[in-house]
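2 protein chains.
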Amino acid sequence: MSKLYLVSAGPGDSELVAPKATAAISASSDLVAYGLYLELLGNVCAGKTHHDLPLGEEIGRARLALDLAASGKTTALISSGDIGIYAMATLVFELLDEQLQGKENKPEWLDVEIEVVPGISAMQAGASRIGAILGHDFCTISLSDLLTPWQTIEKRLHACGQGDFVVSFYNPRSKKRDWQINSARDILLQYRPENTPVLLGRQLTREDENITITTLEQLHSKDVDMFTLVSVGNSETRHIINGSKEWVYTPRGYQKKL
Amino acid sequence: MSKLYLVSAGPGDSELVAPKATAAISASSDLVAYGLYLELLGNVCAGKTHHDLPLGEEIGRARLALDLAASGKTTALISSGDIGIYAMATLVFELLDEQLQGKENKPEWLDVEIEVVPGISAMQAGASRIGAILGHDFCTISLSDLLTPWQTIEKRLHACGQGDFVVSFYNPRSKKRDWQINSARDILLQYRPENTPVLLGRQLTREDENITITTLEQLHSKDVDMFTLVSVGNSETRHIINGSKEWVYTPRGYQKKL
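Written out as structure tokens, the structure is:
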């Protein structure tokens, strides 16, 4: 039986990779991933055949992983964070779906056994570094309009504001896109206060991690890049300062009972 | 320096617990957690002083953990899933906030060093077991109206519908609450099709795991209990069947490029 693992490599720190992910990589002969992720994962990747493809070649990577597994090689397709959240897993199932509809000519893909290994996503790493900003109902929105029309993203930003969800923005900016995070800020400012706490988490849990706590009013694309996770509190999120230590948390309503 | 770890125990499978969480427990002399979580975690908990409190005593457990750490005992407060998502972390910061505002008389709490260790939440475990339902923008809503007014929850359900977010429901039902999940279904049916795929994941990644894929129209409280994670797709979520294997995924829009 040919096997394909869809493996979550976590936010960066190898101590945040689940043992199940490490075991899946160990069991594989072939790894499909960016080189950077393999560096972060360390020794477990040694001795494996490594298949890399340039950034932007997501479909190519998903195809390659299915092809390798279908050829009998136990294969791990690896994404950072959680492979099920804005990452490669959904693309593999899209390709299977196309084959099932007869739009591909890869019947061998349907014999591949697939196992998804979940992992810690950037929003969770970010929350853990500053307290508990995800402590109540939240949402995630990708600000990339390469695959999703901006009209749809805008609709979700308004829904997020109306529902007073804590929100984490993925893909807040890229080399070619810089205005989306500012538009998102302006929409949210229609619904929640200017001093709403905001986390900018760059390279979370990695050696060059940089964490900034700011406010919704101060959020600006100049402080954000493609390695930054942006989380915005809801109308009740609190930013507290205890000496040299700062925390941000979103209460669930226990204070009425304290 | 007194130390308090806020530790995520993951969904159940010990292979989904981050090494950093295991290390934090190892480094602690005192553990504050439900007995069940310690059973799932296994050997690493041996030889530690275990403090249990009944279900519903969340505030008591957070206080106890802060008191133990402040007394000089390295302490781990443990929640299943991600301790930052509908779990204990936010309560610890609420208590610190109360102390900073002078509403508590526990100045020693402010000397405790706190470290949060993130983990895999139930929605991620559920998604991994059926494919990639969280493949595009999503939200989470707790259906417990013990701490949050139903009016607020209802507002978020409508926002979720308007924004066409995939949604995971936490606390969908308890012994005393059984109608909320049916109301949530009826609200979402105003916005998305009757055949929208729904995951019911009970005791995810544990020995008695039970997974059902159904539709929004068929979602009913009789099939849900307090150990069930309910995730509802968005209007584009697909349920595909490949022989004896079923998958649910939410596309990101790559099919236009396939």
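Chains as they are written, first to last, in numbering that gives the first Met the number 0: chain A, 0 to 257; chain B, 0 to 257.
By construction, the Cβ of each residue, glycine as well, lies at the ideal position given by its N, Cα and C atoms.
Taking C-alpha positions only, A/Glu107 is separated from A/Leu63 by approximately 13 Å.
Under the three-state reduction of DSSP output, B/Phe92 falls in the helix class. The Cβ of A/Ala88 sits closer than 8 Å to at least one Cβ of chain B.
Per the DSSP secondary-structure output, B/Gly80 pairs in a beta bridge with B/Gly9. The continuous beta strand (DSSP E) containing A/Asp29 extends over residues Asp29 to Val31. Between the stretch 102 to 122 of chain B and the stretch 116 to 125 of chain A there are three or more C-beta pairs closer than 8 Å, enough to call the two in contact. Annotation for A/Asn170: no beta strand (DSSP E) segment contains it, and DSSP assigns it neither H nor E. Per DSSP, A/His157 is one residue of the alpha helix (DSSP H) stretching across Trp149 to Gly162.
Scanning chain B for C-beta atoms nearer than 9 Å to the C-beta of A/Trp246 yields Phe92, Leu95, Asp96 and Ile113, reported in chain order.
Check the Cα spacing between B/Ser78 and each of B/Arg184, B/Val6, B/Asn194 and B/Arg205: the tightest is with B/Val6. With a cutoff of 8 Å on beta-carbon distance, A/Leu215 and A/Arg184 are scored as near each other.
In the DSSP assignment, B/Ile239 falls within the beta strand (DSSP E) that extends over Arg237 to Asn241. Proximity of A/Tyr253 to chain B, defined by a Cβ-Cβ separation below 8 Å, is satisfied. When 9 Å is used as the limit between beta carbons, A/Ser243 is near no residue of chain B, the shortest such separation being about 11 Å.
Closest in alpha carbon position to B/Ser167, among B/Lys174, B/Leu187, B/Pro148 and B/Arg176, is B/Leu187. Around B/Phe137, the same chain offers Phe164 and Val165 as residues with beta carbons nearer than 6 Å, after the five sequence neighbours per side are excluded. Within the DSSP secondary-structure output, B/Cys138 pairs in a beta bridge with A/Cys138 and B/Val166. When the beta-carbon positions are compared, A/Leu99 and A/Ile58 stay at least 8 Å from each other. One Cα belongs to A/Arg201, the other to A/Thr227, and the distance between them is close to 4 Å. Within a 10 Å sphere around the beta-carbon of A/Met225 sit fewer than 16 other beta-carbons, which makes this residue exposed. Taking every protein chain shown into account, the CB of A/Glu93 has 16 or more other CB atoms within 10 angstroms, so this residue is buried.
Residue-level contact by beta carbon holds for A/Ser141 and chain B, with a gap shorter than 8 Å. Contact residues of the stretch 150 to 164 of chain B toward chain A are Lys154, Arg155, Ala158, Cys159, Gln161, Gly162 and Phe164 (C-beta to C-beta distance below 7 Å).
Residues of the stretch 68 to 88 of chain B with a C-beta atom less than 7 Å from some C-beta of chain A are Asp81, Gly83, Ile84 and Ala88, listed in chain order. A/Ala131 belongs to the set of residues whose beta carbon lies under 8 Å from a beta carbon in chain B. The continuous beta strand (DSSP E) containing A/Thr214 extends over residues Asn209 to Thr214. What B/Ile210 touches in chain A, judged by beta-carbon distance under 8 Å, is nothing: the nearest beta carbon there is about 13 Å away. By the beta-carbon neighbour count (other beta carbons within 10 angstroms, threshold 16), B/Leu65 is buried.
In this structure A/Val247 is in contact with A/Ile129, their Cβ atoms being roughly 5 Å apart against a cut-off of 8 Å. The continuous stretches of alpha helix (DSSP H) do not include A/Glu193, and DSSP gives it neither H nor E. Along the stretch 85 to 134 of chain A, the alpha helix (DSSP H) occurs as fully enclosed runs of 4 or more residues at 88 to 99 and 121 to 129, listed in sequence order.
In this structure, the straight-line span from the alpha carbon of A/Leu52 to that of B/Met0 is close to 47 Å. When B/Asp81, B/Leu133, B/Gln217 and B/Ala22 are compared, the shortest CA-CA separation from B/Thr236 is found for B/Leu133. Counting only residues of its own chain and dropping the five nearest sequence neighbours on each side, A/Gln123 has a CB closer than 8 Å to the CB of Pro10 and Leu133. In its chain, beyond the 5 residues on either side, Ile212, Thr213, Thr214, Leu215, Gln217, Leu218, Val229, Ser230, Val231 and Gly232 have a beta carbon closer than 8 Å to the beta carbon of B/Val197. Sequence-distant Cβ neighbours of A/Arg172 in its own chain, meaning closer than 8 Å and more than five residues away, are Leu142, Gln179, Ile180, Ser220, Val223, Asp224, Met225 and Thr227.
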